[in-house]
Every structure is written in structure tokens, then in C-alpha cells.
Amino acid sequence: MTNLSEQQKVQALYKLIGDRGLYVNTNADVFTKKPEEVPLGVGYKIPLMQDGSQAYASPLLFATLTSLLNHGTMLITGAPGVGKTTGAEFAGHFFTGTPLEEILAAEIQGHPQQTEEKMVARYDLGKLISSGQEVVIPRKFLECPVKVIDEANRCPPDVLSVIMRLVDTGKAVYGNQVLSAKSGPLFVTANYADEGTFHFTPPFLDRFDVAVMVTSPQPWDLSRIRARGDEKLNGGLTELLTIPPEMKLDFENIRKQINGLEEKTEYGIPAVSAFADFVYGSLRFSEAASDSLARSTKGNAWQVTQDNAPPGHFVDAPFTYTVNELSVRTARAMMRYAKAFAWMNGKDKVELDDIKAVLPYLLWHKLQPTQKAMTENPKYANDRIAFVEGIAQRIENDYADMMSNQSALKTYAAALEILRTGKIGNKTLTEPEIKNALRTAIARIGSIDKQWTIPLASQIASEYNTRAMYKK
Amino acid sequence: MTEPKPIVPVNPEGLDDIAKSLLENSVPEFNASAPPAGAVGSVEEPGSYIILPGRKHGSYEYPDLLVPAERTHKGKKWHQAKESLYLDGAYMITPRQFVDFINLLRSGNAYNGLGVKLDTKRVKALLDDILEQKDPYRAEWLDARFAQSGKTLNVMYHKIKSDGSIEDVAEPLHDCLMEDKQPGISLDYWLRNANNQGLPPKNISDGSIYYWYPRDKAVARFGANSGGVDLIAFRDPAYSDSSLGVRAAKIKR
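So the sequence lines, in the order shown, correspond to chains A and B.
Residues in the first sequence are numbered from 4 upward in steps of one, following my numbering.
Residues in the second sequence are numbered from 885 upward in steps of one, following my numbering.
Quick look at the structure:
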């Protein structure tokens, strides 16, 4: 095995972790192409991957992608003892090259007595006592490229707020000193709620780019896990943790390649970003928030929410299924992970399939279902990934509906073209003519009873208003 | 300042023609005295329309309308039909207006858009076209879309405001028959006792009209062929058929 591309090395490492029994879970739930679904008589469907596609288990896949990104943040949830923490530790080790001992030494264990001093930094007591000097010594956690916080929801809220800042900015403050954390992935594990856990707030959850639900291994996976040997009997995993020299990764190069990956474009517009923005726009809207379009967002629906508002005009639109909207942070993460996923699969362009594959894992921990959603499917309380898959399907349908309405889209594009050039063909338009044409375009688009017309019509007005401001 | 750019991919072919139409068919300014776009359309052949006098049913009312004798916009899905009608300055009649329209025809006091009373033969032909159990299949979309919101089933349809503009509204479904009857419900009883939303009451007597009650995500449709006459309130809006059209109604000025 020589001269492997960086993608091939990552794929080889992904396989190696499974082959060595370090993280075995054949519950493939992420596919590069929508799989065939074979129905079982008992009501379930079993996915069979299509020819030429790839299938991954989400915990290891996203641990891999998160490790490859500069400041990736990943939340790992699941029942105790299913491999949440070890999976993260092994992925961190293999995909960043950081020795496992270093990762373990820096790891923070969540518990109610956890303090800032134990996690972030401490004063040099010798110097403090002998000379009164306040010299701050950062904890290993800050200096390790792979950061793992185990069972974070056992930490009290004030400790979580320190972690929140660290996750968000890569910085922590101790005493008067701002400390920078070494760049690299942050993995946070959390068991499902019990009497000893604290609640993660929505702002805290929003900090995580991606989240996975780890399931217990399939019964047929246990023999492979046993085959790696029992470290409680044989004392260690040293050999199994060796990274073959030909699989050592060149991170700088990988991050450059991922960053440089271009999107597939249609008529000069990046098609993947367009879809990602449509997802964002579809969930952002809230009729409950205000009668003004400028303030009709979920973020402003803080008293009358999507849950306690009377039915609005759009009773079945995707936005009616979530209480909250997506943050700009999430909108950016969508493209980042879509790119990393496309890169890992050896593509030279990011396509719609890439973002659709990763989307549920970027959103499920952030979106809160409405009562309407829970009434439609009570299992959404457990399976938030299915909840997001359901919304994503609705959004895809709306997107397809919009893309098939060429009359509306061309009216929209024609209006923007008039604004851009001030002309129709070779004829230069007067300002009143431009305004009349745009008003007509807005009225035509607005006559269509669909939520997706609102951003299109609003953009025309917004572009006109901005242009008018700067023409003065 | 960045240049205006579409946020979604759009095929640029034919944009100039669309742009010209924006200029040529521009809508009036939206100020207090101007009628909103799309509310009223002109009628080229008033003789082919029937005047449906304005009515009030509880809180629902509408002004005098011109309802065409023929169905148009055939082969379109429900949403497509609604959009096309709007762009034509017309709209789909609601189940309540449909009931009033049939009652008007059955009363024998129907007038066309020129103010000429329809003769008995013409009225019979119109009623047969709507109600007779015969082939070919004839059907029409009605403006009622049903959607579940929590525990409430809502119906969405248009209302005509006092200034003539159209407003789509959503309101909880009124008390109506919530079970399928195949067959059927009594046509006479339905036409006499339809609720304010045009749907049959719970206690309706049996008859020959096939009835499917309103369900989430469905729309309303009325149709007939040799197999029967049906009022369906759970039709898939994405369905289309070359025999399925709409009555492109306009406000009578």
C-alpha cells in the first residue's frame, strides 16, 4: 500500500479501526446515494446500498470528518457502555495522529464537582506562594489537539458555560489571562438524561456542528469486538493502535483540499449552497412572531411560539414542525460537512446528495419539534434523526415544487436582472419603469400561495431598496 | 455594493420576454385607493357566465360573482389550477359557492352575465353536466384544502374582502359529516343543509352521492361519471386528469 491519496488514507484508516475491532458497528446509516429499502413484513425497512455508493456508520463517519476539520465540534449521545467515548478517543488518535495516552491524559470527566481549575488552568502554586506571582498553567485539556469531555451533562451549568465559550471560540479565560486551545476536534459525550444529569440548553447544543446517536453494536459485531482481545486481561492495545506509516495523514493538505472543493453549479449559481440556504429559510419563518416580514422569524417568536400560536396561513409548511430556527453557525457547518463528506468520497465537486446525507446529523440536536410534529409521530421524542429526516423530506418537496415553477423563478430572475442592468434587452429603463416592473414581479410571485415565494419576493424588494439608497 | 443575484439556479432562457411582460402588464401602485392585483378580471364573453348573487352564510360572505358555465384549466393539479386562475385574475369557487351555484340553477332563476335569464333547456344541460350519472367523466376542483394542526383539522379557502381583494384564510373545520358514505348522501339534503363551509351536516340522510370526508393534506373535488356522482374532500392535490378542471370565477362589477 503505497502512494495513497489523502482520501484513500482516510478510507483505509476508517476500515482499519473496524477491522481491528476498535470501533465495530455495522449499523450503516449514512449513504452517499439513497439506498434501496427492502420492506420487512413486520413494518420495518432494511437499506441495501446502491451500486457505486458508500455506506457508513454515523458515529465513526462524523468522528472522522470532525477530526479532519480545523475546529470541529461533535456531540455523541447514547446509552452507557456502547462505545461513545472509546470511539471518539480512537478516532481522535487515528485521524489526528495524537497518541491515545495524550488524549486520555487531557480528557475531562463530567461530574457535579468539576471545576474551572480542574478543566482549564491553575495558578503555579509554588510561584504564587514564594513570590506572589500569578503564573497561569494551562491544563493538558487546552493543549491537546484532541479534546474529549466525557459525560458533559453531569457538569453543572456554570461549568458548562466555560465549556460553551471554549467550544465557540477556542479560547478560555483564567484569572486575567486569555488562553487559546490548540486547534483540533472537540468530542463531547452525553448519556441520556437520568437523575444525575443536567439539561443542555439550546444555545449550548447549537455550538456543536454535528451530533450522533450511538447505538449498541449488532449481535454479529460482538465476535469482532472479542477478536481484538480483552485489554482487561492482556493489559493493553498498543499494537492495535499503531498507525501504519503509509496511512499517516497530511492535515494541512487535507484541510486545503476540503476547503478548495467547489460546488456543482447550475446556471452559475452554486446548487448546494442554494439548497442549504433554502433549508435555513424554510425553518426560519414564523407567522406567530410578527405581522411584519422583517421580524417574522422563530427567534422573535419568544412569547407566542410555534406551539401556542393559533393556526396561521401556512398550516402544513416545514416551519410549522419546529419551535426554533437554525443559526448562522449551523448554516456554515452545513457546507463545511458537505464538503468534507464529498472529499472523503473522492468527489471533485460537492453535490446535493452530499448535503442531504449529512444534514440530519447536523440538525437533529438543534431543532426542537413542535407539538404538531410530536402528534404526527410520537417516536420523534426518541428519534430526533427521523424527525429531521421527515422535515428534510418536506423541505426537499418544497424545493422541487419551487424549482418546477419556472414561471415564478423566471419572473424573479428577470426582476433581478432588470435591477442589475437597468435594461431589458438593449432598452434602458427609466427609474419609474424599473419600479413598475419590480412591483409587478413581486405581485406575481406573491400571488402564489407558497411559503417559498416570500424570500424570493422579499429579495427583489430588498435589492431595490438597497440600490435606491446608494443611488441617491 | 454587491450585484443582485438569484439565490437559486434559474434557466436564463426567455428572461427578456418575461421582463417585457413585467413592464407591459405592470400592476398599479399599492396605495389605499388602488385595487389589489389579481382581484378582479375583465370578462370577455359575459354570456358564457352565470351571475351568482352574493350571499352571507354566518361569518362567510361573498359579493355577486360571475361563474362560468364551462370548466377550464383542465389537466392541472389543484395548486397549479389555483396559480393559473390567480394569474388570469380569477379564482376557484369554494364548496359553499358551489352549493349555492347548484341551488341557483335548480331554482330556475339563473341569469347570464348579460343579464339574460337562462332558459329551462340551458339550465337542465348545465345541471346534467354537473350532476348526471353518465360518461364521460366530468369533475372540478373546489377551493378547500384541509390540514391538521395539532388536534384541529383546518380548512383553507379564499375570502373576498370588501375592497375586492382575495385573502386565503385557514379556519377550523365546522361540524360536518366525518365518515365516508359510498353511497351515499342525499343530494337534496346536502344542497339544503350544507354548513357555512359547504360541507354536508352530520345527520344527513342517505342518498346516491358518494362522499369522502375531509382528511389532512387533502383538497375538495366534485365529479360525476356513469359509476356515480361524488363529493370528495380527501383528494390528493397532486392528482390531475384531463377531465378535471375548475370554474374560473370573477367578481361581478
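A virtual CB, placed ideally from N, CA and C, is assigned to each residue, including glycine.
DSSP state of residue i mapped onto helix, strand, coil
i	result
A:Ala274	helix
A:Thr308	coil
A:Pro372	strand
A:Arg258	helix
A:Ile451	coil
A:Glu266	strand
B:Ile1135	strand
A:Ser295	coil
A:Leu78	strand
B:Ala1054	strand
A:Tyr26	coil
A:Ile427	strand
A:Gln396	helix
A:Gly21	helix
A:Val45	coil
Check whether residue i and residue j have beta carbons under 7 Å apart
i	j	result
A:Glu105	A:Cys147	yes
B:Gly1129	B:Glu1024	yes
B:Pro1067	B:Tyr1097	no
B:Asn1079	B:His1058	yes
A:Glu328	A:Lys301	yes
A:Ala395	A:Leu362	yes
A:Asp357	A:Ala341	yes
A:Thr469	A:Ala444	no
B:Leu1139	B:Leu989	Residue 1139 of chain B lies beyond the range of chain B shown here (885 to 1137); nothing can be said about it.
A:Val217	A:Phe190	no
A:Gly187	A:Val149	yes
A:Glu420	B:Leu899	yes
A:Val41	A:Ser61	no
A:Ala155	A:Gly173	no
A:Ile457	B:Glu967	no
B:Ile1050	B:Tyr946	no
A:Thr76	A:Ala193	no
Neighbour flag for residue i against chain A, beta carbons, 7 Å
i	result
B:Ser1033	yes
B:Val924	Model confidence at B:Val924 stands at a pLDDT of 39, short of 50, so the residue's coordinates are unreliable; what they give is reported in the following sentence. Chain A, which has no Cβ nearer than 7 Å to the Cβ of B:Val924, makes this no.
B:Leu1083	no
B:Leu969	no
B:Lys904	yes
B:Ala994	no
B:Leu907	yes
B:Glu1037	Inspection of the sequence shows that residue 1037 of chain B is occupied by Leu rather than by Glu. B:Leu1037 does not count as touching chain A.
B:Asn1109	no
B:Glu954	no
B:Leu1015	no
B:Asn915	Confidence is the limiting factor: at B:Asn915 the pLDDT is only 43, short of 50, which leaves the residue's position unreliable and the question unanswerable from this model.
B:Val892	yes
B:Glu887	yes
B:Asn895	yes
B:Asp900	yes
B:Asp1003	no
Residue-chain proximity (residue i, chain B), Cβ-Cβ < 7 Å
i	result
A:Pro314	yes
A:Ile398	no
A:Ile152	no
A:Glu420	yes
A:Gln374	yes
A:Ser450	yes
A:Gly425	no
Residues that residue i bridges to, as DSSP identifies them
i	result
A:Lys174	A:Ser183
B:Gly1112	B:Asn1109
B:Pro952	B:Tyr933
A:Met338	Looking at the DSSP assignment, A:Met338 forms no beta bridge with any residue, so it has no partner.
B:Trp1096	B:Ile1116
B:Asn1079	In DSSP, B:Asn1079 forms no bridge with anything.
A:Thr325	A:Pro372
B:Ile902	B:Ile902 pairs with nothing; no bridge assigned.
A:Thr300	A:Phe288
A:Glu40	A:Pro50
B:Ile1069	B:Asp1090 and B:Ile1093
A:Asn73	Paired residues: none, contrary to the question.
B:Arg1029	B:Met1040 and B:Val1103
B:Val1000	DSSP, once it has assigned bridges, lists no residue as partnering B:Val1000.
Any C-beta of chain D under 7 Å from that of residue i
i	result
A:Val318	Included in the structure are the protein chains A and B, with no chain D among them.
Checklist entry - Curious, which full-length beta strand (DSSP E) runs of at least 3 residues does the region 116-168 of chain A contain? => result 124-126, 139-141 and 150-153
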